[in-house]
Every structure is written in structure tokens, then in C-alpha cells.
Amino acid sequence: MSKLNSALLDKAVNDILAYASGEDVHCNGEDKKGKKRNFTETVEIQITLKNYDPVRDKRFAGTFKLPTVPRPNLKCCVLGNAAHCEQADRIGVDHMSVEDLKKLNKNKKLVKKLAKRYDFFMASDNMIKQIPRLLGPGLTKAGKFPTLLAGSDDMQEKIDEVKATIKFQMKKVMCLNVAVGNVTQPGKDICVNTQLAANFLASLLKKQWQNIGQIYIKSTMGPAIQIYF
Numbered sequence: 136m137s138k139l140n141s142a143l144l145d146k147a148v149n150d151i152l153a154y155a156s157g158e159d160v161h162c163n164g165e166d167k168k169g170k171k172r173n174f175t176e177t178v179e180i181q182i183t184l185k186n187y188d189p190v191r192d193k194r195f196a197g198t199f200k201l202p203t204v205p206r207p208n209l210k211c212c213v214l215g216n217a218a219h220c221e222q223a224d225r226i227g228v229d230h231m232s233v234e235d236l237k238k239l240n241k242n243k244k245l246v247k248k249l250a251k252r253y254d255f256f257m258a259s260d261n262m263i264k265q266i267p268r269l270l271g272p273g274l275t276k277a278g279k280f281p282t283l284l285a286g287s288d289d290m291q292e293k294i295d296e297v298k299a300t301i302k303f304q305m306k307k308v309m310c311l312n313v314a315v316g317n318v319t320q321p322g323k324d325i326c327v328n329t330q331l332a333a334n335f336l337a338s339l340l341k342k343q344w345q346n347i348g349q350i351y352i353k354s355t356m357g358p359a360i361q362i363y364f
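Heads up: the sequence shown runs through residues 136 to 364, numbered per my numbering.
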């Protein structure tokens, strides 16, 4: 059961979208002059936890697939066998074969550069076990170890699924943030994604909503608006 106030969330999202399109908005008790940017701003929620001890309490991690993709521009690279490389070529996705990976020669700088160039990786099932041997621990260190791509998977569907998946992971800090949309999407899609993301996080916590202190929502360059107190 969501504890987010729908009316408050609707207004916050509408203000964010208006601000991002260059309109003036009144939020957080003051007038703000909007500005349209020359890139697509991401909308994210920032969550502060309370009554939670990151040292003593059990750390949590969970992934959840949102109904609409929050960041469609994420770049993917397929580390694939011949069939997957051919398929990637057809749908315009970057790809690398075993031979391409061997050329990197486990060079840490080159692997780091590769990890930086893409937001996520996918690897054919018969290649995934070879990744550590071919590249070393570079992708794992960057938090970008490839997602498994089975022979029967529809590549485009699988890519869209990864783009729509958000991850909550408790580390040493009490703040979490996750993308729930972008400023080109309809407000209602962002609202649904936000409600679902907040509910999912609550389900991971020991005392559920009692462990959530505040939630703010903001676009990349816009003001942060509080939607949960």
C-alpha cells in the first residue's frame, strides 16, 4: 500500500515538467524561472532512510522492472557469439566478439575505458564465463558485469528490460536515489513509476514505510520537490 500522496506527487511531477520546458513554476514556497536544456533530463527520486543502522541492520538489495523505461538513451554493448553479434548489428547495437575482447589483452586502462563507454553490457550464455578470463575484474569493479543473453532471448526485448530495471542497494549511506523517468514522458507514467519504485523500496525495508524519512523528486537540472514527509 503506497503512502505517497497522489495529488502531491501529481503537482510535483507537473512542476518538474513545466520547469524543464522553460515555464515559470511556484514550488518550495518560491517562484522559479524554468529553463529548457539541450539534453533530455532524467527524473529521479532521492530517498532518505530513518531508524536504520547501516552497520548493524541487514543490508538489502533488490531490482524491480518499471512499466515504462526511465532512461531510454542508456548505451548497451553486446559481448556476443557470432549469432548475437549479427543480431546486434541488425538492430543497431554495438557489439564485440571474443576476438575483439582478446585484443584488449586484459589491459586495465582499456577495460576501464570500455566500461566507461557503455551504461550496461549483455553477454551470450556461452561467453559469460569467459569474461573474467578475457577482461579481468574491470567490468565487475565498475558494477557493470554483463547480463546473460540466452540463445532464445529476443535481444531488443532483453535490452528494454534492462533499461526499465531499477536497483536499490543499501551501502554505508542513508540516502538512495533512482531514476523514475525523463522529461519527455507523460506525467502519469512518471507518477506510476515513482509510486511503484517507492513501494518496492518499502517492501525491502525491515519496518517498511516507517524506515523512510523523506522522498524528494527532481529532474537533472531542476529543483528538488519533497513528496513524502
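Virtual Cβ for every residue (Gly too), placed ideally from N, Cα, C.
Small disclaimer: the values here were computed from a predicted structure and weren't measured.
Residue range of the alpha helix (DSSP H) that includes residue i
i	result
Gln-345	Here Gln-345 belongs to no alpha helix (DSSP H), and DSSP marks it neither H nor E.
Phe-335	322–339
Proximity winner among the options, relative to residue i (alpha-carbon distances)
i	options	result
Lys-342	Phe-174, Asn-163, Asp-192	Asp-192
Val-276	Ala-142, Val-297, Leu-249, Met-262	Residue identity check: residue 276 is Lys in the sequence provided, not Val. Out of Ala-142, Val-297, Leu-249, Met-262, Leu-249 has the C-alpha closest to the C-alpha of Lys-276.
Val-228	Lys-241, Lys-237, Val-246, Asn-208	Asn-208
His-219	Cys-211, Lys-243, Ser-232	Ser-232
Ile-347	Val-178, Leu-143, Asn-186, Gly-157	Asn-186
Asn-148	Phe-195, Asn-334, Gln-349, Asn-328	The sequence as given places Val at residue 148; Asn does not occur at that position. Considering only alpha carbons, the answer is Asn-328.
Arg-268	Asp-288, Asn-242, Phe-255	Asn-242
Ala-359	Val-213, Ala-196, Gly-164	Gly-164
Asp-224	Tyr-363, Gln-291, Trp-344	Gln-291
Glu-179	Lys-171, Arg-206, Ser-156	Arg-206
Phe-256	Lys-200, Phe-280, Lys-237, Glu-234	Phe-280
Asn-261	Leu-283, Arg-252, Pro-272, Val-246	Leu-283
Ser-287	Ser-259, Leu-143, Leu-245	Ser-259
Lys-171	Asp-159, Gln-181, Leu-184	Asp-159
Cys-212	Gln-349, Leu-143, Ile-182, Asp-235	Asp-235
His-230	Tyr-253, Lys-210, Gly-215	Gly-215
Arg-194	Ile-350, Leu-311, Lys-138, Ile-266	Leu-311
Counted within 10 angstroms of its Cβ, other Cβ atoms place residue i as buried (16 or more) or exposed
i	result
Ala-285	exposed
Gly-322	buried
His-161	exposed
Gln-222	buried
Ser-354	buried
Gln-320	buried
Leu-274	buried
Ser-338	exposed
Thr-198	exposed
Ser-141	exposed
Glu-176	buried
Cys-326	buried
Gly-357	buried
Asn-317	buried
Phe-303	buried
Ser-156	exposed
Phe-174	exposed
Pro-202	exposed
Ala-217	exposed
Ile-226	exposed
Val-308	exposed
Leu-152	buried
Ala-196	exposed
Val-190	exposed
Lys-298	buried
Asp-166	exposed
Residues bridged to residue i (per DSSP)
i	result
Asp-229	Cys-212
Lys-167	Val-160
Gly-353	Strictly speaking, residue 353 in this sequence is Lys, with Gly absent from that position. DSSP lists Glu-179 as partners of Lys-353.
Endpoints, beta strand (DSSP E) assigned at residue i
i	result
Ala-196	196–200
Val-98	Shown here, the chain extends from 136 to 364; a query on residue 98 therefore has no answer.
Val-178	177–184
Tyr-363	360–363
Residue-chain proximity (residue i, chain B), Cβ-Cβ < 7 Å
i	result
Asp-188	Going by chain labels, chain B is absent from the structure shown, which holds only one protein chain.
Inset, instruction - Could I get the ranges of all uninterrupted beta strand (DSSP E) runs contained in the segment 250–327, with 3 residues as the minimum, in chain order? - result: 255–259, 282–284, 300–304, 310–317
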